[in-house]
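One structure is given here, and the rest of the page talks about it.
In the working numbering, the protein residues as written are 697 to 799.
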């Protein structure tokens with residue numbers, strides 16, 4: 697399905713029916729993109745467990761696309777390198793130098 701095989705940018709959210717949870721997670725993680733994913737469920741705790749298994753930079757439970765300026769935002773795989781926002785985003789713009797002086 698082209699909608700989920702490519703990385704779409706727009707107001708779309710595909711809903712995929714499944715019968716085997718491990719299989720659908722493997723299918724999601726097989727995608728070369730990894731910017732974000734969402735899990736929708738009546739059981740938020742179980743959905744959070746599933747979301748943590750997704751290989752993506754951001755995962756949401758019962759919502760999609762909400763960005764918090766104090767939390768890091770970035771993708772994995774072919775969806776980009778590095779993050780924006782939050783402490784980790786600030787660290788992307790810094791360089792660290794180690795200096796050792798032998799006396």
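Note that the Cβ used here is the ideal one computed from N, Cα and C, for glycine as well.
Note that this is a predicted model, so its numbers are computed, not measured.
Per DSSP, cross-strand counterpart(s) of residue i
i	result
residue 754	732
residue 769	780
Residues of its chain near residue i, where Cβ-Cβ distance is below 6 Å and the 5 sequence neighbours each way are ignored
i	result
residue 758	736
Straight-line Cα distance separating residue j from residue i
i	j	result
residue 755	residue 798	47 Å
residue 763	residue 783	14 Å
residue 729	residue 703	6 Å
residue 760	residue 732	8 Å
Cβ neighbours of residue i in the same chain (closer than 7 Å, five flanking residues each side left out)
i	result
residue 770	753, 776, 778, 779, 780
Counted within 10 angstroms of its Cβ, other Cβ atoms place residue i as buried (16 or more) or exposed
i	result
residue 741	exposed
residue 786	exposed
residue 750	buried
Contacting residues, own chain, Cβ-Cβ under 8 Å from residue i (five flanking each side not counted)
i	result
residue 795	none
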